[in-house]
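To start, the structure under review is shown below, and the notes come after it.
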Amino acid sequence: MEELKDSVYRELHKVIDPELDINIVDLGLVYDVNIDTNNNVQIEMTLTTPGCPLHDSIVSGVKNVVRGIDGINNVDVDVVWEPAWTPERMSQAALKILGH
415 MEELKDSVYR
425 ELHKVIDPEL
435 DINIVDLGLV
445 YDVNIDTNNN
455 VQIEMTLTTP
465 GCPLHDSIVS
475 GVKNVVRGID
485 GINNVDVDVV
495 WEPAWTPERM
505 SQAALKILGH
């Protein structure tokens with residue numbers, strides 16, 4: 415199960431926030447990934463702002479890359495606003511890209 419979860423995270427690195435040109439994992443937008451015994455994936459994530467105009471595009475990207483993993487059945491993405499995203503959630507790699 416852990417190997418499949420690692421695969422999900424690897425694929426999620428391919429989903430890029432178009433405004434910042436950084437993947438959603440390094441941005442700290444992915445809060446949790448759960449996989450049940452039937453290989454259904456539940457992803458809890460957020461966006462940088464509640465009114466993000468790219469909401470549908472990013473969520474569709476998440477679903478598409480995860481569905482492409484062999485053995486995955488259903489993919490559900492739950493966009494949450496609590497806890498709110500802050501730049502402190504970003505990886506060192508993302509901070510470096512933004513010049514911090």
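What the sequence shown shows, in this note's numbering, is residues 415 to 514, in sequence order. By construction, the Cβ of each residue, glycine as well, lies at the ideal position given by its N, Cα and C atoms. From a predicted model like this one, the values you see are computed outputs, not experimental measurements.
Cβ-based burial, Thr451 [other Cβ within 10 Å; buried from 16]: Exposed, since its Cβ has fewer than 16 Cβ neighbours within 10 Å.
Proximity winner among Trp499, Pro467, Ile486 and Ser505, relative to Glu458 (alpha-carbon distances): Here the closest residue by C-alpha is Trp499.
Proximity below 9 Å, CB of Met504 to CB of Leu441: Closer than 9 Å, so yes.
Straight-line gap, Val479 to Gln506 (C-alpha atoms, nearest Å): Their Cα atoms are separated by approximately 24 Å.
Rounded separation between Tyr445 and Lys477 - CA only: Approximately 15 Å between the Cα atoms of the pair.
Distance between Ile438 and Asp431 (C-alpha atoms, nearest Å): The alpha-carbon separation between Asp431 and Ile438 amounts to approximately 6 Å.
Rounded distance between the beta-carbons of Asp492 and Gln456, thought under 8 Å: That pair is a contact at about 7 Å.
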